[in-house]
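These notes concern the structure reproduced below.
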Amino acid sequence: MALFLKNKSSVILFLFLSPLLLSGQSLGHTKELRPPKPPELHYSGNMTQEQKIEQQFMRWVKFVGSLRHSLFGHVMNNLLTSYTLTVDKNPIKADFTTIQAAVDSLPPINLLRVVIKVNAGTYKEKVSISAFKAFITIEGAGADKTVVQWGDTADTIGARGQPLGTYNSATFAVNSAFFIAKNITFKNTSPVPIEGAMGKQAVAMRISGDTAAFLGCKFLGAQDTLYDHIGRHYYKDCYIEGSVDFIFGNALSFFEGCHVHAIAERTGAVTAQSRTSQMDDTGFSFVNCKVTGSGALYLGRAWGAFSRVIFAYTYMDDIIIPSGWFNWGDPNREMTVFYGQYKCTGAGANYIGRVPWSRELTDQEAKPFISLSFIDGTEWIKL
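Numbering (mature numbering (1 follows the signal peptide of the UniProt record, and there is no 0)), first residue to last: -28 to -1, 1 to 355.
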């Protein structure tokens, strides 16, 4: 949907309606959420109409800023399903035979929780959810029973005759907010590339929407399996498999009780977090997870100059390269990245040999990273 605001009056109307639309509330039902009423405007007698509109505009900017996400966070307190759709390869057993068809059946702007139940089977399709189709839950019959898969890579030629690139190689792409996935596998079928091969990034899942949760899901691929692009995300009891940089992006994400498994033939890396500024509130936190597999793995590579990743209470197999972290070939990044471990176990967790610019966190240093508050989870995770 393209939204063109021709003047500041339109902007004011948009700012006024947006939080109400997203919250599914009317003004009469948001009294407890709103800040005190702003003071009345008093116009000078010699103000032009344009100056009055400007003053109104700035008043609304201040008002919306004072909400501090309360209206948006309140949305998740109402998770009552509006309706349920079913998907099965047998058209007699369900509403749709593909996941994409079920998604396409939703209104262009979706503001009600919709559960799409995907029955057991392997669905060979490429799925994309647009930015305005929020509040979608995709629920499989079990991660080993329901699989959605495709095999694009960054160098796959797309419909326009150009390579897709990493971003568009995803088997499943989510651009909307409040997405939930349960008990389903997202897979990119491309094989493990030869070390150093170009254009072989092959994304299984790209998540580009805010406030997304994945429960009991599997992400299978090789290079660049999980594109944790942007937004706040929660992964609980998930299995993530790949070879090189297979959890990457610039999201703010909390991985709890997840199994991270490497299938590298020689060397690889678990993460490539791309935080580019000290002002970016992004990073990856792995808590009570385990890292296993094959090859020799870095815990992370500094894709962004301010890359931030921590592992806490995590078991690490003996596949971790002793230095632990790689500066992406740029020594300057050693002064700006934030890489840490906290009370990890296993042969790969030995801090002896780690690069001096990583940290063995103290209790105080670890505290901000080891609970759902890291992703403002108490505001929006209502599962």
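We put the CB at the ideal spot given by N, CA and C, even for glycine. Bear in mind that the values here come from a model prediction, so they are computed numbers and not experimental data.
- Rounded to the nearest angstrom, the gap between the Cα atoms of L78 and T70 is 14 angstroms.
- Cβ-Cβ distances below 8 angstroms link V86 to T53, S54, Y55, T56, L57, L78, F107, I108, T109 in the same chain, with the five nearest sequence neighbours on each side left out; the list follows chain order.
- Sorting G255, D252, K65, G296 by C-alpha distance to the C-alpha of G325 places G296 at the top.
- The beta carbon of E237 sits closer than 8 angstroms to the beta carbons of V164, E167, S215, S266, G267 from its chain, once the five residues preceding and following it are set aside; these are given in chain order.
- Sequence-distant partners of T118 (beyond 5 residues in either direction) whose C-beta falls short of 6 angstroms from its own C-beta, in its chain, are V90, A92, G112, I156.
- With respect to the C-alpha of V146, the residue from I101, T248, I282, P135 having the closest C-alpha is I101.
- K159 and G193 do touch by the CB rule: their CB atoms are close to 7 angstroms apart, below 8 angstroms.
- Approximately 6 angstroms separates the beta-carbon atoms of F341 and A284; this is inside 8 angstroms, confirming the contact.
- With a beta-carbon spacing of about 5 angstroms, K105 and N82 fall inside the 8 angstroms limit used to define contacts.
- The C-alpha of D60 is placed about 45 angstroms away from the C-alpha of S249.
- Note on G320: 16 or more other CB atoms within 10 angstroms of its CB, so buried under the neighbour-count rule.
- The criterion of a C-beta distance shorter than 7 angstroms is satisfied by I282 and G312.
- Look at the beta carbons and you see the stretch 223 to 243 touching the stretch 251 to 270: at least three pairs across the two are nearer than 8 angstroms.
- About 7 angstroms separates the beta carbon of A126 from that of K172, a gap short enough to meet the 8 angstroms contact definition.
- Inclusion of L136 and T143 in the CB contact set at 7 angstroms is not warranted, their separation being larger than that value.
- When only Cα atoms are considered, F310 and P294 end up about 17 angstroms apart.
- Checking the DSSP bridge columns, you'll see K154 partnered with E111, L187.
- Taking the Cα positions, D289 is about 43 angstroms away from A66.
- S345 is the residue among N299, Y323, P63, S345 whose C-alpha sits nearest the C-alpha of H205.
- Less than 7 angstroms separates the beta-carbon of R247 from that of S279.
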